[in-house]
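Contents: one structure, followed by commentary.
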Amino acid sequence: MDLEKIIENALKETLNEKGYGNILEEKETKNSNKPEALNEAYVAQAGAFNLQTELLSHKTKKQHQELLEGYVRELNDISNKLDGVDKSAANLNNSQFRSLKIDETYNHNAAFLHGLYFENISDLNSTITMDSLAYMRLARDFGAFDKWQEDFVACCLSARNGWAMTVYNMQLQRYMNTVVDLHSDSVMFGCIPVIVMDCWEHSYFRDYLADRKTYVFGMMKELNWSVIEERIKKADLVSKALRK
Ligand SMILES: [Fe+2]
0 MDLEKIIENA LKETLNEKGY GNILEEKETK NSNKPEALNE AYVAQAGAFN LQTELLSHKT
60 KKQHQELLEG YVRELNDISN KLDGVDKSAA NLNNSQFRSL KIDETYNHNA AFLHGLYFEN
120 ISDLNSTITM DSLAYMRLAR DFGAFDKWQE DFVACCLSAR NGWAMTVYNM QLQRYMNTVV
180 DLHSDSVMFG CIPVIVMDCW EHSYFRDYLA DRKTYVFGMM KELNWSVIEE RIKKADLVSK
240 ALRK
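For the sequence shown, numbering that gives the first Met the number 0 assigns the number 0 to the initial residue and increments by one for each residue that follows.
Below, the structure written as structure tokens:
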């Protein structure tokens, strides 16, 4: 088996384990009648999330799931169009290739972040212990766990229609909180998201009107620290590799 195949199989295995975002099905599977194609397209699949929380209405949860599925549909459509777009016409002023690449990032981030968000909220038995890696890392990099909370809430209240995230920053080699507007404005590069909060109005307005703070506090009370712990363990592995 060649190296490319080994990497591809490992990637597929990891994505399947996650239960969402089965990106990178081969182009041949989708368009086997087009052998001349460039084999660049991918197919993503939206995960199905059954949020148990009562802090969000059934309607909000249902529409949010549908929104995620819409982003994934758009991403797949863009991927397909990119496969056939005229790259020789690419330019910075007005080109289909440029528009598709911008939309690809937007919809990719939307799908990816919604998956991470749904996965890390709605834990009715939410608990974090002082000996968990999550607690220790956040306390280490923010000075105290409470300081992380205070900063994270401030980020949640600062995002426009966008996201607040705790990320592992590979350049600075520490955890920090970031604010992203929309799905792709002010994205800090080289960061691994470990805690993700949707701060778009669609995530809370039906249930809380303009009271984002109550929504954020509610979601934070039900953070799934088991999921976050696993993400931080993986980020820690990256951290260790970077220090070698
Ligand atoms: Fe959302």
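Positions of the beta carbon are idealized from the N, C-alpha and C atoms, including for glycine.
Spatially closest choice to residue i from the options, by CA coordinates
i: Gly189; options: Thr165, Glu200, Arg205, Ser98; result: Thr165
i: Arg230; options: Ala209, Lys86, Pro192, His201; result: Pro192
For residue i, three-class secondary structure by DSSP
i: Ile22; result: Because Ile22 carries a pLDDT of 49, less than 50, the predicted location of this residue cannot be relied on, and the following value inherits that uncertainty. Here Ile22 sits in coil by DSSP.
i: Asn108; result: helix
i: Asp184; result: strand
i: Tyr134; result: helix
i: Ala153; result: helix
i: Ala88; result: helix
Segment limits, alpha helix (DSSP H) that includes residue i
i: Thr59; result: 57–83
i: Trp199; result: Trp199 -> no alpha helix (DSSP H), and no H or E assigned at all.
i: Met218; result: 211–220
i: Lys232; result: 224–242
Bridge partner(s) assigned by DSSP for residue i
i: Cys190; result: Asn168
i: Thr177; result: Met164
Between the CA atoms of residue j and residue i - distance to the nearest angstrom
i: Ser238; j: Lys232; result: 10 Å
i: Leu123; j: Ser183; result: 31 Å
i: Phe111; j: Leu81; result: 19 Å
i: Asp140; j: Asn176; result: 10 Å
i: Ala89; j: Ile77; result: 16 Å
i: Leu241; j: Met169; result: 8 Å
i: Leu54; j: Ala153; result: 21 Å
i: Gly217; j: Met196; result: 11 Å
i: Asp145; j: Arg205; result: 29 Å
i: Trp224; j: Met129; result: 12 Å
Any chain D beta carbon closer than 9 Å to residue i
i: Ala138; result: Included in the structure is just one protein chain, with no chain D present.
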